[in-house]
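Participant: First the structure, which I've put down as structure tokens, then a few questions once you've had a look.
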Amino acid sequence: MTAGPVSESQIEATDLAAPSETLVVAFDDNRLLTQLFGEHDRHLALIESRLGIEATPRGNHLALSGPPEACRSARKVLDELYARLKQGLEIGPGEVDGAIRMNLAAAQAGSATAGDVSIHTRRRVITPRTPAQKQYIAALRAHELTFGIGPAGTGKTYLAVACAAVALASGEVDRIVLSRPAVEAGERLGFLPGDMKEKVDPYLRPLYDALYDVMPANQVARGLEDGTIEIAPLAFMRGRTLAHAFVILDEAQNCTAMQMKMFLTRLGERSRMAVTGDPTQVDLPPGQVSGLIDAQKILKDVEGIGRVVFTDADVVRHPLVARIVRAYDAAGAGKSK
Numbered sequence: 014m015t016a017g018p019v020s021e022s023q024i025e026a027t028d029l030a031a032p033s034e035t036l037v038v039a040f041d042d043n044r045l046l047t048q049l050f051g052e053h054d055r056h057l058a059l060i061e062s063r064l065g066i067e068a069t070p071r072g073n074h075l076a077l078s079g080p081p082e083a084c085r086s087a088r089k090v091l092d093e094l095y096a097r098l099k100q101g102l103e104i105g106p107g108e109v110d111g112a113i114r115m116n117l118a119a120a121q122a123g124s125a126t127a128g129d130v131s132i133h134t135r136r137r138v139i140t141p142r143t144p145a146q147k148q149y150i151a152a153l154r155a156h157e158l159t160f161g162i163g164p165a166g167t168g169k170t171y172l173a174v175a176c177a178a179v180a181l182a183s184g185e186v187d188r189i190v191l192s193r194p195a196v197e198a199g200e201r202l203g204f205l206p207g208d209m210k211e212k213v214d215p216y217l218r219p220l221y222d223a224l225y226d227v228m229p230a231n232q233v234a235r236g237l238e239d240g241t242i243e244i245a246p247l248a249f250m251r252g253r254t255l256a257h258a259f260v261i262l263d264e265a266q267n268c269t270a271m272q273m274k275m276f277l278t279r280l281g282e283r284s285r286m287a288v289t290g291d292p293t294q295v296d297l298p299p300g301q302v303s304g305l306i307d308a309q310k311i312l313k314d315v316e317g318i319g320r321v322v323f324t325d326a327d328v329v330r331h332p333l334v335a336r337i338v339r340a341y342d343a344a345g346a347g348k349s350k
């Protein structure tokens with residue numbers, strides 16, 4: 014159906030219902046604008062769709078049109094990303110998405126964004142992309158033991174590994190210890206050939222991936238060789254005292270209550286621990302209590318422990334992942350009724 018002409022009164026009513034303004038932002042270095050706007054202006058398109066504004070490049074200026082508050086938020090996002098580029102850092106869709114999320118959350122809370130919680134590793138500068146990530150980084154720095162709980166794709170393990178890499182580089186700790194319970198995720202893997210390292214490496218591969226992303230490859234290889242970096246199954250932690258170390262237990266929902274107690278009591282002098290997991294993805298045999306769930310109940314009132322809970326809103330992978338998490342959560346809630 015074709016719409017008829019719009020009257021002046023209709024235009025005025027529309028303007029009153031949705032006030033709009035145009036904000037012009039100037040940039041002093043044209044060479045950075047291609048990276049700022051993204052290939053085929055994809056960064057601008059992301060800002061437009063998320064904030065409900067229009068962004069029109071004009072030389073070294075950018076005109077932002079839309080609701081006043083949205084235009085101001087867009088300007089803050091662009092200013093932060095531009096400052097990042099001027100420091101020689103790269104930006105991609107992830108950084109753009111993170112800047113938008115943090116600014117929206119700050120606007121709702123009436124507070125400023127917090128670039129001061131960035132993690133400066135040897136390979137990259139990592140900034141929090143959600144308020145929960147910001148809270149998590151602060152907790153990892155402030156507490157000797159921190160629990161990061163929530164769905165996949167929220168950065169729980171990655172941020173913990175990044176903090177561990179910084180602690181090692183600064184001399185705060187002498188080594189990094191990364192561990193996971195070797196539990197099959199519903200598949201029967203059968204007999205695995207090779208020595209012990211070759212048998213357990215498939216379980217620990219995500220930890221290797223995170224390390225190589227935040228540390229130079231030669232430093233990781235050297236650390237693995239001289240023991241500065243240790244990656245081992247949870248069973249190998251029994252009987253040890255982990256002093257002067259940054260210790261991370263990943264996929265903690267798959268350890269038993271006894272294993273969790275064993276692991277937590279490994280904490281030694283001048284050490285930090287991070288325990289990450291998703292209580293909705295327990296792969297233990299039926300009837301076996303998850304150590305992560307058990308620990309949350311037992312330790313809820315213990316002083317000095319950090320605890321950050323992530324939700325689907327904190328998923329920083331593909332947007333579809335967040336929708337998948339929400340769908341499974343809704344299905345689980347329906348079954349529990």
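Numbering-wise, our numbering comes out as the position in the sequence shown, counting from 1, plus 13. All residues carry an ideal CB built from backbone N, CA and C; glycine is no exception.
My output table needs one value for F259: the three-state DSSP class, helix, strand or coil.
Facilitator: In this structure, F259 counts as strand in the three-state DSSP scheme.
Participant: Helix, strand or coil for P32, going by three-state DSSP, please let me know.
Facilitator: Residue state, collapsed to three classes: coil.
Participant: Per DSSP, which one or two residues make a beta bridge with A287?
Facilitator: A287 pairs with T159, I261.
Participant: Give every residue of the same chain whose Cβ lies closer than 7 Å to the Cβ of S33, excluding the five residues on either side of it in the sequence, and list them in chain order.
Facilitator: S78, G79, P80.
Participant: From which residue to which residue does the alpha helix (DSSP H) around R71 run?
Facilitator: That residue, R71, is in no alpha helix (DSSP H); its beta strand (DSSP E) goes 67-71.
Participant: For T241, which residues in the same chain have their Cβ closer than 6 Å to its Cβ, ignoring the five residues on either side in sequence?
Facilitator: The residues are R188.
Participant: Would you mind giving the Cβ-Cβ distance between S86 and N116, rounded to the nearest angstrom? I have them listed as a contact below 8 Å.
Facilitator: Confirmed, about 5 Å.
Participant: For Q266, count neighbouring Cβ atoms within 10 angstroms of its own Cβ and tell me buried if that reaches 16, exposed if not.
Facilitator: The residue is buried, with at least 16 neighbouring Cβ atoms inside 10 Å.
Participant: Looking at A165: is its Cβ nearer than 9 Å to the Cβ of V38?
Facilitator: In this structure, V38 does not lie closer than 9 Å to A165 by Cβ.
Participant: Report the three-state DSSP secondary structure of P246 (helix, strand or coil).
Facilitator: Three-state DSSP puts P246 in a strand.
Participant: Cα separation between L305 and A145?
Facilitator: Rounded to the nearest angstrom, the two C-alpha atoms are 19 Å apart.
Participant: Within the continuous alpha helix (DSSP H) that includes A165, where are the two ends?
Facilitator: First-last for A165: undefined, no H or E at that position.
Participant: Going along the chain, which residues of its own chain have a beta-carbon closer than 7 Å to the beta-carbon of R114, five neighbours each way excluded?
Facilitator: Excluding sequence neighbours, R114 sits near R142, T143.
Participant: Check this for me: beta carbons of L191 and D263, under 9 Å apart or not?
Facilitator: Cβ atoms of L191 and D263: closer than 9 Å.
Participant: Quick one: any contact between the stretch 278-288 and the stretch 252-263, if contact means 3 or more CB pairs under 8 Å?
Facilitator: Touching, per the Cβ criterion.
Participant: Which residues does DSSP list as the beta-bridge partners of V322?
Facilitator: DSSP, once it has assigned bridges, lists I162 as partnering V322.
Participant: Just to confirm the assignment: which complete beta strand (DSSP E) runs, minimum length 3, are found wholly within the stretch 51-121?
Facilitator: Taking only runs of at least 3 residues, the beta strand (DSSP E) segments lying wholly in the stretch 51-121 are 67-71, 74-79.
Participant: In terms of alpha-carbon separation, which member of A245, G281, E243 lies closest to T361?
Facilitator: Summary: the structure shown does not reach residue 361, with the chain confined to residues 14 through 350, and so no result is reported for it.
Participant: Using the Cα positions of Y341 and R137, report the straight-line distance between them to the nearest angstrom.
Facilitator: Those two C-alpha atoms are separated by around 33 Å.
Participant: Nearest-angstrom Cα distance between L297 and R154?
Facilitator: So the two alpha carbons sit approximately 31 Å from each other.
Participant: Taking the alpha carbon of I132 as the point to measure from, which residue in M228, D327, M273 has its own alpha carbon closest?
Facilitator: The shortest C-alpha separation from I132 is found at M228.
Participant: Near A120, what residues of its chain come up, given a Cβ to Cβ distance below 8 Å and the 5 sequence neighbours on each side ignored?
Facilitator: Only E82, S86 meet the Cβ criterion.
Participant: Taking 9 Å as the cut-off, decide whether the C-beta atoms of S303 and A270 are in contact.
Facilitator: Closer than 9 Å, so yes.
Participant: Measure from the alpha carbon of R330 to the alpha carbon of each residue in G168, R320, T293, P246, then state which is nearest.
Facilitator: Ranking the options by Cα distance to R330, first place goes to G168.
Participant: Provide the residue span of the beta strand (DSSP E) that contains V233, from first to last.
Facilitator: Not the beta strand (DSSP E): V233 falls in the alpha helix (DSSP H), residues 230-239.
Participant: What's the gap between the Cα of L46 and the Cα of H56?
Facilitator: Cα to Cα, L46 sits roughly 11 Å from H56.
Participant: Identify the continuous beta strand (DSSP E) that holds L191 and give its terminal residues.
Facilitator: Taken as a continuous stretch (DSSP letters only), the beta strand (DSSP E) holding L191 covers 188-193.
Participant: Per the contact definition of three or more C-beta pairs closer than 8 Å, is the stretch 218-232 in contact with the stretch 175-188?
Facilitator: Yes, the stretch 175-188 touches the stretch 218-232.
Participant: Taking E67 as the reference, give the member of L36, Q232, G252 with the closest Cα.
Facilitator: With distances taken between Cα atoms, E67 lies closest to L36.
Participant: From R320, G300, P299, R218, pick the residue whose C-alpha is nearest to that of G290; which is it?
Facilitator: Closest by alpha carbon: R320.
Participant: Candidates P106, F50, R97, G184: which alpha carbon is nearest H74's?
Facilitator: For the residues P106, F50, R97, G184, the minimum Cα distance to H74 belongs to F50.
Participant: Could you name the residues of the same chain whose beta carbon sits closer than 7 Å to that of A112, not counting the 5 residues immediately before and after it, in chain order?
Facilitator: Hits under 7 Å: V90, E93, L94.
Participant: Hey, out of R339, F40, C268, L64, whose CA is closest to R193's CA?
Facilitator: The shortest Cα separation from R193 among R339, F40, C268, L64 belongs to C268.
Participant: Taking 8 Å as the limit between beta carbons, can you name the residues of its chain near I60, skipping five residues before and five after?
Facilitator: I66, A68, A87, V90, L91, V109, I113.
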